[in-house]
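For reference, each letter of the sequence shown is one residue, going 226 to 518 in the working numbering. Have a look at the structure below, then the notes.
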Amino acid sequence: MIAPRDGGKYFDGTLGGGGHSLAILEASSPSGMLAGTDLDGDALSRLSETFKPFGERAHFFRDNFTSIDTICKTLGWNSLSGIVLDLGVSSFQLDMPEKGFSFSKDAPLDMRFESGAELSAYDVVNGYDEEELARIIREYGEERFSRRIAEKITDSRPVKTTKELAGIIASAIPRKYWPANIHPATRTFQAIRIEVNRELDNLREFLPKAASLLEPGGVMAVISFHSLEDRIVKRFFAGPVHDVSARGIPVLIEPDTPVMERVTKKPVLPSPMEIEANPRSRSAKLRAARRRG
């Protein structure tokens with residue numbers, strides 16, 4: 226969908242393991258260039274050796290993808306040929322217990338994409354009042370038992386580790402309502418992680434900035450892993466957002482945002498073969514849109 230070409234300029238906002246960036250640079254050989262961001266310093270350290278052969282064609286920054294405009298300005302790039310965003314937690318982060326994203330191994334409550342960030346999962350779990358905690362779990366986790374879970378958490382404070390928190394959440398949900406294929410704490414962990422990293426706010430900020438930097442015909446592709454992210458992307462790719470004034474006149478809310486034309490009318494989902502090889506892809510949805518000329 227991105228269709229990298231020689232001479233194009235590309236942006237990967239979530240480097241992770243570097244798979245997308247590597248594919249883009251190889252396909253845009255010999256002179257295509259790429260800028261990439263990741264908040265995880267460990268991820269950037271791992272990638273430095275892999276991307277050495279590309280020299281000045283690859284530019285990596287320890288930054289939030291919302292800095293896309295600043296980064297392009299730093300590089301002297303006026304426009305981009307393609308943009309990719311693979312949202313959520315990378316496999317590397319899930320497999321590192323000290324990051325605190327998973328409850329499969331006991332670890333301190335952290336969940337920060339950026340290790341030096343001010344807010345951690347410990348702060349949310351132990352510092353937010355019961356009502357605010359319930360709101361986050363309900364809105365960001367879409368969890369029907371949000372109030373019961375928040376009450377259990379506040380009664381159990383201080384909560385220090387991932388397994389301790391997972392056990393408290395599970396005990397708050399009646400056994401007959403446990404999801405069939407995921408741990409009962411999954412939605413609440415998602416909600417806390419989203420709050421810690423401002424994930425939805427960052428996505429909303431990024432999309433119009435990224436669209437404005439796309440050259441006419443340039444494509445932006447976004448992979449999301451839960452309905453909240455997917456809804457934001459779907460709505461943005463559907464075109465300029467309108468509202469109706471009190472007098473019944475349509476009003477353009479985002480007048481300066483370029484018009485995007487959907488490449489995918491429906492999200493592209495992983496095949497059964499891919500899910501078998503990589504179970505973490507099971508909830509992935511890929512949407513893409515092209516900037517109109």
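For every residue, glycine included, the Cβ atom is placed at its ideal position computed from N, Cα and C. All of these numbers come straight from a predicted model, not from anything done at the bench.
Taking all protein chains shown into account, decide if ILE378 is buried (16 or more other Cβ within 10 angstroms of its Cβ) or exposed. On the sequence shown, residue 378 is found 153 positions in, with the first residue counted as 1. Classification of ILE378: buried, given that the 10 Å Cβ count is 16 or more.
Tell me whether VAL469 is buried or exposed, calling it buried when 16 or more other Cβ atoms sit within 10 Å of its Cβ. Here the question's residue 469 lines up with position 244 in the sequence shown. With a pLDDT of 47 at VAL469, under the threshold of 50, the modelled position of this residue cannot be trusted, and the question is left open.
Determine whether the beta carbon atoms of ALA435 and PHE236 lie at a separation below 9 Å. By 1-based counting over the sequence shown, the position of residue 435 is 210. By 1-based counting over the sequence shown, the position of residue 236 is 11. Cβ atoms of ALA435 and PHE236: closer than 9 Å.
For a quick check, are the C-beta atoms of GLY232 and GLY261 less than 9 Å apart? Reading the sequence shown from its first residue, position 7 is the one you call residue 232. Reading the sequence shown from its first residue, position 36 is the one you call residue 261. Contact flag unset, no.
Continuous alpha helix (DSSP H) assignments of at least 4 residues falling wholly in the region 386-442: 387-397, 411-422 and 424-438
From ALA248 to ARG382, what distance separates their C-alpha atoms? Counted from its first residue, the sequence shown places residue 248 at position 23. Counted from its first residue, the sequence shown places residue 382 at position 157. Near 46 Å, if we compare the C-alpha coordinates of ARG382 and ALA248.
Quick one: what does DSSP say SER253 is sitting in, helix, strand or coil? For the purposes of this step, residue 253 is taken as the residue at position 28 of the sequence shown. Of the three classes helix, strand and coil, the one that applies to SER253 here is coil, per DSSP.
Give me, in chain order, the residues of the same chain whose beta-carbon lies closer than 7 Å to that of GLU486; leave out the 5 immediate sequence neighbours on both sides. For this step, residue 486 is matched to residue 261 along the sequence shown. Same-chain partners within the cutoff: ALA514, ARG515 and ARG517.
Using the Cα positions of ILE491 and ARG512, report the straight-line distance between them to the nearest angstrom. Looking up residue 491 in the sequence shown gives position 266. Looking up residue 512 in the sequence shown gives position 287. Reading off the sequence shown, one finds Lys at residue 491, where the question assumed Ile. Their backbone Cα atoms lie some 7 Å apart in a straight line.
Span of the beta strand (DSSP E) holding ARG487? Here residue 487 refers to the residue found at position 262 of the sequence shown. Where ARG487 is concerned, the enclosing beta strand (DSSP E) stretches over 485-487.
So is GLY301 buried or exposed if we call it buried at 16+ other beta carbons inside 10 Å? Within the sequence shown, numbered from 1, the residue matching residue 301 stands at position 76. Exposed, since its Cβ has fewer than 16 Cβ neighbours within 10 Å.
State the start and end residues of the unbroken alpha helix (DSSP H) segment that holds THR275. Against the sequence shown, residue 275 aligns to sequence position 50. 266-275 is the span of the alpha helix (DSSP H), which, as asked, contains THR275.
What does the alpha-carbon distance come out to for the pair GLY431 and HIS408? Stepping through the sequence shown from its first residue, residue 431 is reached at position 206. Stepping through the sequence shown from its first residue, residue 408 is reached at position 183. The sequence shown places Phe at residue 431, rather than the Gly named in the question. Between PHE431 and HIS408, the C-alpha separation is close to 31 Å.
Classify GLY266 as buried or exposed, calling it buried when 16 or more other Cβ atoms lie within 10 Å of its own Cβ. Looking up residue 266 in the sequence shown gives position 41. GLY266 comes out exposed.
Measuring only the C-alpha atoms, how far is LEU390 from GLY464? Position 165 of the sequence shown, counted from the start, is the residue given in the question as residue 390. Position 239 of the sequence shown, counted from the start, is the residue given in the question as residue 464. Their Cα atoms are separated by approximately 41 Å.
Whole angstroms is fine: what's the gap from PRO229's alpha carbon to PHE461's? Along the sequence shown, one-based indexing puts residue 229 at 4. Along the sequence shown, one-based indexing puts residue 461 at 236. Their Cα atoms are separated by approximately 23 Å.
Measure the alpha-carbon distance for GLN176 versus PRO504 and round it to whole angstroms. In the structure displayed, the chain extends from 226 to 518; residue 176 sits before or after that span and is not available.
With VAL309 as the anchor, note down where its beta strand (DSSP E) starts and where it stops. Along the sequence shown, one-based indexing puts residue 309 at 84. Run containing VAL309: 305-311, per the beta strand (DSSP E) assignment.
Considering only their Cβ atoms, is the gap separating LEU438 from LEU305 smaller than 9 Å? One-based indexing of the sequence shown puts residue 305 at position 80. One-based indexing of the sequence shown puts residue 438 at position 213. A contact, by the Cβ cut-off of 9 Å.
So is LYS330 buried or exposed if we call it buried at 16+ other beta carbons inside 10 Å? On the sequence shown, position 105 is the one that residue 330 refers to. Exposed, by the Cβ-count rule.
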